[in-house]
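Chemist: Pasting a structure below so you can have a look.
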Amino acid sequence: MPTFISLISWTDQGVRKSKESLDRAKAASELAERMGGNLKEVYWTVGPYDIVSIAEFPDDETGTAFLLAIAAQGNIRTTTLRAFNAEEMNGIVGKLS
């Protein structure tokens, strides 16, 4: 399954509701599972991003739909990276001429 690493920043609303962050993460995990994915890890961080998450979804479209659904709640903004493991990278490099 495709892997996505999200660098997450709280919006002003998200900061005001920061006490609800653990509940929101649990709800996001449940949504990911309903969509056929898996929110593998969530880390609350110090620095330019407030949260970093690692998730897997069956395809890029489902991963994007998940991110749009959680961002639409107004608590976060995301910068998401499509990540490739060694096996996937081997297939990519194998396509080079």
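Position 10, counted from 1, in the sequence shown is what the UniProt record's numbering calls 10; the numbers after and before it change by one each time, with no gaps.
Glycine included, every Cβ here is placed at the ideal spot set by N, Cα and C.
(1) Which runs of the alpha helix (DSSP H) at least 4 residues long sit entirely within the stretch 60 to 85? Give them in chain order.
(2) Specify, as a first and last residue, the run of the alpha helix (DSSP H) that K40 falls within.
(3) Under 8 Å Cβ to Cβ from A65, same chain only, skipping five residues before and after it: list those, please.
(4) Would you say T3 and E56 are within 9 Å of each other, going by their C-beta atoms?
(5) Can you check which of these residues, M89, R77, R82, is closest to V15 by C-alpha distance?
(6) Count the other CB atoms, across all protein chains shown, that sit within 10 Å of the CB of S97; report buried if there are 16 or more and exposed otherwise.
(7) Provide the residue(s) that pair with I51 in DSSP beta bridges, ordered along the chain.
Modeler: The short version:
(1) Complete alpha helix (DSSP H) runs here, min 4: 60 to 71.
(2) No alpha helix (DSSP H) holds K40; the beta strand (DSSP E) holding it covers 38 to 44.
(3) Sequence-distant partners of A65 (beyond 5 residues in either direction) whose C-beta falls short of 8 Å from its own C-beta, in its chain, are M35.
(4) yes
(5) R77
(6) exposed
(7) I8, W44
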